[in-house]
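Per my numbering, the very first residue in the sequence shown carries number 4; after that it's consecutive.
Every residue, glycine too, gets a C-beta built ideally from N, C-alpha and C.
If you're wondering where the values come from, they're calculated on a predicted model, not measured in any experiment.
Below: the structure, in structure tokens.
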Amino acid sequence: MEQKNLEQLEQLERLELKNLDLEQLGQLERLGQLGMMEQKNLEQLEQLERLEQLEMMEQKNLEQLEQLERMEQLGQLEMMEQKNLEQLEQLERLGQLEMMEQKNLE
Numbered sequence: 004m005e006q007k008n009l010e011q012l013e014q015l016e017r018l019e020l021k022n023l024d025l026e027q028l029g030q031l032e033r034l035g036q037l038g039m040m041e042q043k044n045l046e047q048l049e050q051l052e053r054l055e056q057l058e059m060m061e062q063k064n065l066e067q068l069e070q071l072e073r074m075e076q077l078g079q080l081e082m083m084e085q086k087n088l089e090q091l092e093q094l095e096r097l098g099q100l101e102m103m104e105q106k107n108l109e
């Protein structure tokens, strides 16, 4: 009887060890899943950071484009101003020529 009790105790201990092993396996499995989820979250964070950087770069590019357009418009305005000055000078010369003609006619 004592032998049977010892054998049963040994069986119980083995079963308990198996149960502990299964629990540990379950915990390890859950930890592995958590690790995978954490890895995915890190990857998503990195993607978001890259997207934010791209958006910032895009915003800077838009600002530069607007600045270039303003500079181009200023350049066109300067050209128009130059043409207007040239036309004014021509008109002044014509006016002077007309005055000289008028004097010559008198």
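What does the alpha-carbon distance come out to for the pair L97 and L57?
59 Å
Could you have a look at E75 and say whether DSSP puts it in helix, strand or coil?
helix
Just how far apart, CA to CA, sit L45 and L12?
49 Å
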